[in-house]
Amino acid sequence: NNHILEKIEAENEDGYVATLAELSAKGMSNPELRRTELMTRIGGFESIARSMGYAGVFYTLTAPGKYHAVDFNSGKLNPKYNGYSPRAVNAYLHEVWQLIRSKWHRRGIRSFGFRFAEPHHDGTPHWHMLLFFPVDAVDTANEIFRQYAFLEDGDEPGAEKYRYKAVPIDWSRGSAAGYVAKYVSKNIDGFKVGDDHEAMDSKKNASEYA
13 NNHILEKIEA
23 ENEDGYVATL
33 AELSAKGMSN
43 PELRRTELMT
53 RIGGFESIAR
63 SMGYAGVFYT
73 LTAPGKYHAV
83 DFNSGKLNPK
93 YNGYSPRAVN
103 AYLHEVWQLI
113 RSKWHRRGIR
123 SFGFRFAEPH
133 HDGTPHWHML
143 LFFPVDAVDT
153 ANEIFRQYAF
163 LEDGDEPGAE
173 KYRYKAVPID
183 WSRGSAAGYV
193 AKYVSKNIDG
203 FKVGDDHEAM
213 DSKKNASEYA
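Printed below as a string of structure tokens:
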């Protein structure tokens, strides 16, 4: 595709000529611009949250063991694996997220923020979320999130360690955007991530899974 774009030129009514590759690089198809745009949006959301006196929470949600083809620690095939594709795992995570949001809604909890999907070393996705809440809603929101994260196979070995994590954003340590910068980069172009412990070289990982 890049080769074709480099060979085709476009000219406007004023006689300006550029290759389609040059034009493409000026828009959101350019990974660098897309990453910068998303980080700007995250910074804007954070500014709004802080002005409202909201608290921030960084969540991680991972699927049960049977959804993972390869054991993370040993690198061997997972004997509990049931053949789920990455698409099926993402559908499971989305279903859990729907349950969480529905329960939040029933309890009058409103949030806003960002959600990121990241592949494990075997391509199985897990989710990270940066969400902002009224301060008095955080504990209840966390309890509900945890409840549904452990709803399926919640007593299996390793569930307590890997299935769910909620990290409160400490504003005194800097920007909330800093908590998610590497996940934004890993989803787009791997900028300044280097070797990713989850999989491979981050730039290759971004190009294959973004």
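Each number in my numbering comes from the position in the sequence shown (counting from 1) with 12 added on. For glycine and all other residues, C-beta sits at the position ideal for the given N, C-alpha and C.
Tell me where the alpha helix (DSSP H) around residue i begins and ends.
{"i": "Thr31", "result": "Thr31 -> not in any alpha helix (DSSP H); beta strand (DSSP E) instead, spanning Val29 to Thr31."}
{"i": "Val258", "result": "The structure shown does not extend to residue 258, since the chain spans only 13 to 222, so no value can be given for it."}
{"i": "Glu58", "result": "Pro43 to Ser63"}
Within the same chain, show all residues whose beta-carbon is closer than 6 Å to that of residue i, passing over the 5 residues directly before and after it, in chain order.
{"i": "Gly120", "result": "none"}
{"i": "Ser219", "result": "Only weak support exists for where Ser219 lies, its pLDDT of 47 falling under 50; the value from the coordinates is given anyway. None."}
{"i": "Gly7", "result": "The chain is shown only over 13 to 222; residue 7 falls outside these bounds and no answer can be derived."}
{"i": "Lys177", "result": "Thr72"}
{"i": "Val179", "result": "Phe70"}
Just to confirm before moving on: does the CB-CB distance between residue i and residue j stay below 8 Å?
{"i": "Gly65", "j": "Val147", "result": "yes"}
{"i": "His80", "j": "Asp165", "result": "no"}
{"i": "Ala129", "j": "Trp139", "result": "yes"}
{"i": "Val29", "j": "Glu18", "result": "no"}
{"i": "Leu142", "j": "Phe126", "result": "yes"}
{"i": "Asn102", "j": "Pro137", "result": "yes"}
{"i": "Ile60", "j": "Val192", "result": "no"}
{"i": "Arg47", "j": "Val196", "result": "yes"}
Name the two residues that bound the continuous beta strand (DSSP E) containing residue i.
{"i": "Phe124", "result": "Phe124 to Pro131"}
{"i": "Ala22", "result": "Glu21 to Glu23"}
{"i": "Met141", "result": "Pro137 to Phe145"}
{"i": "Ala171", "result": "From DSSP, Ala171 is part of no beta strand (DSSP E) but of the alpha helix (DSSP H) over Ala171 to Tyr174."}
Excluding the 5 residues preceding and the 5 following residue i in the sequence, name in chain order all residues of the same chain whose CB lies nearer than 7 Å to its CB.
{"i": "Asp90", "result": "The sequence given here places Asn at residue 90; Asp does not occur at that position. Once the five neighbours on either side are set aside, the close Cβ partners of Asn90 are Gly77, His80, Ala81, Val82 and Asp83."}
{"i": "Ala33", "result": "Asn14, Leu17 and Glu18"}
{"i": "Tyr104", "result": "Ala75 and Tyr79"}
{"i": "Val150", "result": "Ala67 and Val69"}
{"i": "Tyr174", "result": "Thr74"}
{"i": "Thr52", "result": "none"}
{"i": "Glu168", "result": "Pro76 and Gly77"}
{"i": "Thr31", "result": "Leu17, Glu18, Ile20 and Glu21"}
For residue i, collect the residues of the same chain with a Cβ closer than 8 Å to its Cβ; drop the 5 residues on either side in sequence, then sort them by chain order.
{"i": "Glu58", "result": "Gly68, Phe144, Ser187, Ala188 and Ala189"}
{"i": "Lys88", "result": "Val82"}
{"i": "Arg99", "result": "none"}
{"i": "Ser36", "result": "Leu17 and Asn42"}
Can you find a C-beta in chain E that's less than 8 Å from the C-beta of residue i?
{"i": "Arg185", "result": "Protein chain content of the structure displayed is limited to a single chain, and chain E is not contained in it."}
Checklist entry - For the 8 Å Cβ check, are there 3 or more pairs between the region 70-80 and the region 157-167? => result yes
Checklist entry - Okay, do the region 86-96 and the region 177-197 touch, 3+ Cβ pairs below 8 Å being the bar? => result no
Checklist entry - Counting pairs of beta carbons, one from the region 104-119 and one from the region 36-51, are three or more of them closer than 8 Å? => result no
Item to check | Runs of alpha helix (DSSP H) lying entirely within the region 71-131, each at least 4 residues, in chain order | outcome: 98-118
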